[in-house]
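A.B. asks: What follows is a structure written as structure tokens; I'll ask about it next.
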Amino acid sequence: MSEQATLDAPRLSVPDRELSRARMKVGRAAWAARYYKDFSRDAVMAIADAVAKAGYEKAAQFAEEAVAETGFGVVEHKTIKNRLCTHDLLDYYRDLDLVTPRVDEARKIIELPKPAGVVFALAPATNPVATVYYKAMLAILSRNAIVLSPHPAAKAVSSAAARHLAQAAEATGAPAGLIQCVEAPSIPLVQDIMGSDRISVILATGGTAMVRAAYSSGNPALGVGPGNAVAYIDPTAKVDAAARCLVESKAFDNSVLCTNESVAITLGSNRGNMERALRSAGAHVCNETDTGRLRDYLFTDKGFNLDAIGKSATWIAERAGLRVNPSTKILVPVVETPGQDDLLFREKLCPVLTLTAAGDFEQALTFAKHTTRRGAGHSAAFHGEDTDRLVAFSQGVPVYRVVVNAPCSQGAAGFATHLPPSFTIGTGFAGRSSIGENLGPQHLVQWTRIAYGKDVPAALAGIDLDAVSSGRAMPAAPVASPEPATHRRSADVSRDELRRLILEELRSLKGGDA
Amino acid sequence: MFNYGYFSFESKDDLLKKAAEYWNPGKVSFWKEAGTPMVIDRREGYFLYDMSGKRLIDLHLNGGTYNFGHRHPELVEVLKSGLDYFDMGNHWFPSVARAAFAEKLVATAPHMKYAIFGAGGAEAVEIALKTARYATKRRKIVSIIKGYHGHSGLSVAAGDERFSKIFLSEMPDDFIQVPFNDIDALEAVLSKRDVAGFIIETIPATYGFPMPEDGYLRACQDLCRKYGTKFIADEVQTGLMRTGVMWGWQGYGLTPDMFVCGKGLGGGIYPISACLTTEECGAWLIEDGAAHISTSGGAELGCLVGHHVIEMLQRPEVVSNVNFVAEFFARGMAEMIERHSDIFVGVRQRGVVLGLEFDHPEGAVAVSRALYENGVWAIFSSLDKRVLQFKPGVVLDVDTCQEIMDRFDAAMPRARELLKTMRRAA
Ligand SMILES: Cc1ncc(COP(=O)(O)O)c(C=O)c1O
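Chains L and S supply the protein sequences, listed in that same order.
Numbering-wise, this note's numbering comes out as the position in the first sequence, counting from 1, plus 52.
Numbering-wise, this note's numbering comes out as the position in the second sequence, counting from 1, plus 34.
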């Protein structure tokens, strides 16, 4: 046999089918956007409701599949996150009308909403389904079509989730192709589509390299940088409550939300209290040896140890060589004094929270400023009652969200505060991003402003604006969505148990009033 | 100066002069007189560029040859990669590309057994007609009046005499024509039980895409079965997703004994055609496999491209795009016909196959010219010049579609003016 005949590699080079299909998806999305941009508010809300309902129904199943596929996070917590991106997200934006023209009689201005068109959205491996749900909902509410590109490590569950939502949308009259997902993403594919003149805007949530590439693409982009949240615990804080917030936040989905606290800083006088409170909230507070082991395990020569992302505290403890109580929820290495050089002050997408203590508030603030600069524009937390210090802290740190007396993971993402619920946290100018707020549907619509001269007569009330949206839903989709993949199913947690856990978590997230 | 490296021309006029001198004076002068003196220079996607630099959106697509547009990058890549390994191949022998492509084609039409390859549509028709004669041991072939199946011996005899008479190639004893949509006329000839095959374009293209009446094609097929005649669908213009399904006959619930396809099968970059047959009809392939042979029929490079064309057409994104394009022009033309009802009197449509009727015996010639002047290339139907063939591609994008509609609208006053002059001259 010739050498070649024994090789299995293809003898001809084959074009990148996935790239070609992705381009076709963008073309299809442009068709969908063309029709969808004229949908009436009622039609839009009907689709949003149907998609929320469909998403809610499969939130647990997709959570399970996401954890199985990626190895990141906690099924119960992912279920909560997925669900939050359905009815809760929709309810938050229910009264934000991005469809109806706005008439300002006093200023003689009429505003007509103009959706972006085709949104190209990247989704990370850490929050795959929640991001698909969330970005799809934003697109629906803003009358855009969306093509999602999941992280390769989460492609199966992300495509399945997108298909599921697409089917619900189409069944409610949305044009075919409104919600699509790239099935086999790759870096060249993403770069090609990001640079394409057929897309209108990029929503980039993911690694820094991807986000920077989005901004370099030549297309409008809404990208966000990484976080490195600092929580300052003032001596005026209720120390037990603060510790509970920290533990809950860090344990939530094993800290894969970029809003999770990386470092907790308090004053020296308060440190003993803090350690005790953390312990009783379920943290393992490390001695010097444990702290050293954790540092060595988490930070290798190549940077943060990716194996640790989204893993549980006990899993990490075992790998790092720490002996901990099996009920441990988070690990707390302790660095005696705040400084900039300790690796443990860097971002950690895992339930490890570095504790340190400053001599006074000024020193704590200086430390917080420098530390948050590694996750510039992102989030920070403040625990305490001293509002002067709260203001000084917020003014000083280069972040756009300061969560007060609440878990930062859920707080900055808008689930435990009244901030907009979001999985795309604008890191603003400080974080080299174009938005500093939590991304919402309003960022995907621009308005044409009809402005009369100040001194000329303008009978705005008499202007017929009905032609702006047709109110027409599509006839039943002529082509069904691609065949859904068969789902792997394994129910090792009983339904009731799951429901109970979710309710419990939801209650705590919403401050007990759920 | 038009320097192409291998040859060069001073100007477009220089080229036209040489083309008339050495190539085909009739065609050169015809297009000049028609007011559409196009010489396609560059081409890309659904755009053509005349030598003058004028850009035209291609809605002729050579009958679907450019279904995916011109030089689709993915198909070009396939052909280029094929050239690193294959050439046309040797038609005497089995080959990987031919076997793979035949299997792929047969899989699109499960009641078929074999795919027999040719280089062009006419050759595939030739194969089908010969196969029908083999399978029935009868000679007669029936087709419809104003049908079109190509210009080779048997295929041209099955078509309109406009193309056979000049070459004394009509064969009235063996080739009988019946009116389209007339089932009784067909029964009258088939009932003599001496007809080998009935060949019909699923929607007759060169006749201007008149739509088969409800149940007509089904009844034709039933009559064929009843009288022992092979039913042959010519899918050269209706195949390859152009009617919204892979093969036009599928949409009418038919199971032809044979069907032929060509044009877009080679992606517009490598000629190839095929005749698919049932096991029974294809029995000659067992008896004497070399009974039909053609050096460039089923060239391996064509098979490779064709294989990929079918794969691309099956993608859900393409299927969906065809629906969008079809829906867009259905809505758009309904609007146009309202705005221009004085000249524009009818739309025939199935998928992305459209025939637009104008109120003058040569109406489509004028409209073709008016569109040309407005940057759109669409051709009249040779056998019914009232009707403009309007054939958008399967992966056309929304912006280009909108541009086509806008240009169409803008061309109507000019068409009206041309028609007025034609009426006055008449
Ligand atoms: C329906 C039909 N059949 C057959 C043919 C002949 O194909 P070719 O020109 O490749 O021989 C054509 C060409 O236009 C056609 O439209």
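All C-beta atoms in this analysis are idealised placements derived from N, C-alpha and C, irrespective of residue type, glycine included.
1) Give the range of the alpha helix (DSSP H) segment to which Thr122(L) is assigned.
2) Taking the Cβ atom as the reference point for each residue, do His183(S) and Gly154(S) lie within a distance shorter than 9 angstroms?
3) I want to verify the contact list: residues of chain L whose CB lies under 9 angstroms from the CB of Val279(S), in sequence order.
4) Do you know offhand how far Tyr250(S)'s Cα is from Pro227(L)'s?
5) Inspect the beta-carbon positions of Pro473(L) and Ser301(L) and report whether they are closer than 9 angstroms.
6) When you compare each of Gly463(L), Phe467(L), Leu417(L) and Gly429(L) to Val443(L) by their alpha carbons, which one comes out closest?
7) List the DSSP bridge partners of Leu422(S).
8) Measure the CB-CB distance between Ser364(L) and Asn306(L) and report whether it falls below 9 angstroms.
9) Do Ala192(S) and Ser415(S) come within 9 angstroms of each other at the CB atom, strictly closer than that value?
10) Given 8 angstroms as the limit, tell me if Val176(S) has its C-beta closer than that to any heavy atom belonging to ligand 1.
11) Measure the Cβ-Cβ separation of His185(S) and Gln423(S) and say whether it is below 9 angstroms.
12) Counting C-beta neighbours from all protein chains within 10 Å, is the total for Gln436(S) 16 or more, i.e. buried, or is it exposed?
13) Cβ closer than 8 angstroms: which chain C residues qualify as neighbours of Arg349(S)?
14) Taking the alpha-carbon positions, what's the Pro530(L) to Asp249(L) distance?
15) Does the Cβ of Trp126(S) have 16 or more other Cβ atoms within 10 Å, making it buried, or fewer, making it exposed?
16) So, helix, strand or coil for Asn37(S), using DSSP?
17) Against chain L, with Cβ distances strictly below 9 angstroms, would Met346(S) count as a contact?
18) Going straight from the alpha carbon of Lys400(L) to that of Glu489(L), what length do you get?
19) Out of curiosity, what's the CA-to-CA distance linking Glu157(S) and Ser189(S)?
20) Mind checking whether Asp268(S) and Glu321(S) have CB atoms under 9 angstroms apart?
21) I want to verify the contact list: residues of chain L whose CB lies under 7 angstroms from the CB of Glu137(S), in sequence order.
22) With distances taken from CA atoms, which of Val282(L), Pro180(L), Asp342(L) and Pro62(L) is nearest Gly448(L)?
23) Given that a residue counts as buried once 16 or more other Cβ atoms are within 10 Å of its Cβ, and exposed if not, what is Arg196(S)?
24) Where does the unbroken beta strand (DSSP E) through Met292(S) begin, and where does it stop?
25) For the beta strand (DSSP E) holding Asp268(S), just list the boundary residues, first then last.
26) Give a yes or no on whether the minimum CB-CB distance between Gly79(L) and chain S is below 9 angstroms.
27) Quick one: complete beta strand (DSSP E) runs, 3+ long, within the stretch 145-190 of chain L?
28) Run down chain S in chain order and give the residues with a C-beta less than 7 angstroms from the C-beta of Ala82(L).
29) Can you give me the Cβ contacts of Arg425(L) inside the same chain, cut-off strictly under 7 angstroms, excluding the 5 residues immediately before and after it?
30) Within the structure, which residues are defined as neighbours of ligand 1 by a Cβ-heavy atom distance below 5 angstroms, reported in chain order?
31) Which residue marks the beginning of the beta strand (DSSP E) containing Ile371(S), and which one marks its end?
32) In whole angstroms, what separates the C-alpha of Pro202(L) from that of Val376(L)?
33) Report the neighbours of Pro67(L) on chain S: residues whose CB is nearer than 7 angstroms to its CB, in chain order.
34) Quick one: grab the DSSP three-state call for Thr455(S).
35) Compare the Cα-Cα distances from Tyr396(S) to each of Thr455(S), Thr434(S) and Ala360(S) and report the closest residue.
36) What's the call for Asn37(S), buried or exposed, on a 16-neighbour Cβ count within 10 Å?
C.D. replies: Working from what's here:
1) Ala111 to Thr122
2) no
3) Those do not exist, as Val279(S) stays about 11 angstroms from chain L at its closest Cβ, beyond 9 angstroms.
4) 33 angstroms
5) Not closer than 9 angstroms, so no.
6) Leu417(L)
7) In the DSSP output, where bridge partners are listed per residue, Leu422(S) has Leu390(S) and Phe414(S).
8) yes
9) no
10) no
11) no
12) So Gln436(S) ends up on the exposed side.
13) Considering every chain present, this structure includes no chain C. Its protein chains are L and S.
14) Unreliable placement is indicated for Pro530(L), whose pLDDT of 41 sits below 50; no coordinate value is reported for it.
15) exposed
16) strand
17) yes
18) 23 angstroms
19) 8 angstroms
20) no
21) Neighbours of Glu137(S) on chain L: none; closest Cβ ~17 angstroms, over 7 angstroms.
22) Val282(L)
23) Under the 10 Å beta carbon count, Arg196(S) is surrounded by fewer than 16 other beta carbons and is classified as exposed.
24) Met292 to Cys295
25) Lys264 to Asp268
26) yes
27) 154-156, 161-167 and 170-174
28) Asp431 and Val432
29) Pro450
30) Gly97(S), Gly154(S), Gly155(S), Ala156(S), His183(S), Gly184(S), Glu235(S), Ala239(S), Asp268(S), Val270(S), Gln271(S) and Gly296(S)
31) Per DSSP, Ile371(S) belongs to no beta strand (DSSP E); it is in the alpha helix (DSSP H), Pro350 to Arg373.
32) 35 angstroms
33) For Pro67(L), the neighbours in chain S by C-beta distance under 7 angstroms run, in chain order, Glu108, Glu111 and Val112.
34) Helix, per DSSP.
35) Looking at the sequence shown, residue 396(S) is not Tyr but Glu. When each option's Cα is compared against that of Glu396(S), the closest is Thr455(S).
36) exposed
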